[in-house]
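Following: one structure in structure tokens, then a few remarks.
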Amino acid sequence: MHRAIPLGLRTIQFLIAVTILGLAAAMIRAQVLGSAPTTVRYSTFTGGFGILVGLVGIASLFASFIPDLVPLVLDGLAGLLFLAGGIAWAVGLRGVQSCKDPYRMLQNSLLNWGTIGSGDDTRYGVVRPGDDDKAWYNRLRGNCQRAQADEVLQFISVAFALGLVGLGYLQMRRGRGAGGYIA
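Here's what the structure looks like:
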């Protein structure tokens, strides 16, 4: 296997992690009432960790002093963290099958930018004073799409991590020492 294949996989891994971090950061920045939900904050962690793993993996392709075990362990850990993130999103978004039901989305704490009050006196962060229904619905729908994208990317990252662990394991079985999974 040429260096281009692992480099391509690492680059994709890095770009997906940047996207996960960016989506979560946008949702945190948009939070109006209270603090951002734990699932969203955890996504910033997994995105940041994925960036670190991608950079170490890319560096290991060119720096022979980095043992193959380092990116292998980081990939395994990243896979577990991304799996936890994907599951957290899946659980948090349960009940929101599509981004078309405004009232289910409004009731979801991952999407509504926070709430104050209860019952008929509930105020949602996504609903601004003077908004018509279309304005807050469009914001909610955007949040929903970002959340679903973050969820899917977390699971895709699990697949990449498992694939890279497999490549690393094969490399170590061949006894090739350092070099970042070049077969």
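The numbering used here puts the first residue of the sequence shown at 6, with every later residue one more than the last.
Heads up, the beta-carbon is just placed ideally off N, CA and C, and yes, glycines get one too.
Checklist entry - Which of helix, strand or coil does DSSP assign to Arg144? => result helix
Checklist entry - Taking the alpha helix (DSSP H) that Pro11 falls in, what are its first and last residues? => result Ala9 to Ala35
Checklist entry - The alpha helix (DSSP H) spanning Ser5 covers which residue range? => result An answer regarding residue 5 cannot be provided, because it is not within the stretch 6 to 188 covered by the chain.
Next on the checklist: Are the CB atoms of Asp155 and Val25 within a distance shorter than 8 angstroms?
Outcome noted: One point to set straight first is that residue 25 is Ile, not Val, in the sequence displayed. Contact flag set, yes.
Checklist entry - Should Leu66 and Pro11 be called a contact, given that it needs their Cβ atoms to be closer than 8 angstroms? => result yes
Next on the checklist: Count Cβ pairs between the segment 34 to 42 and the segment 118 to 136 that sit closer than 8 angstroms; are there 3 or more?
Outcome noted: yes
Next on the checklist: Does Gln102 pass the burial test, meaning 16 or more other C-beta atoms within 10 Å, or should it be called exposed?
Outcome noted: exposed
Checklist entry - Three or more beta-carbon pairs under 8 angstroms between the segment 73 to 84 and the segment 50 to 62, yes or no? => result yes
Item to check | C-alpha distance - Asp106 paired with Arg179, whole-angstrom precision | outcome: 53 angstroms
Checklist entry - Under a three-way DSSP split, which group does Ile71 fall into? => result coil
Checklist entry - From Ile161 to Gly122, what distance separates their C-alpha atoms? => result 37 angstroms
Item to check | Environment of Ala188 [buried if 16+ CB atoms lie within 10 Å] | outcome: Residue placement at Ala188 is flagged as unreliable, the pLDDT there being 44, under the threshold of 50; a coordinate-derived value is accordingly withheld.
Checklist entry - Helix, strand or coil: which one does DSSP assign to Arg99? => result coil
Item to check | Cα-Cα separation between Asp138 and Leu111, rounded to whole angstroms | outcome: 12 angstroms
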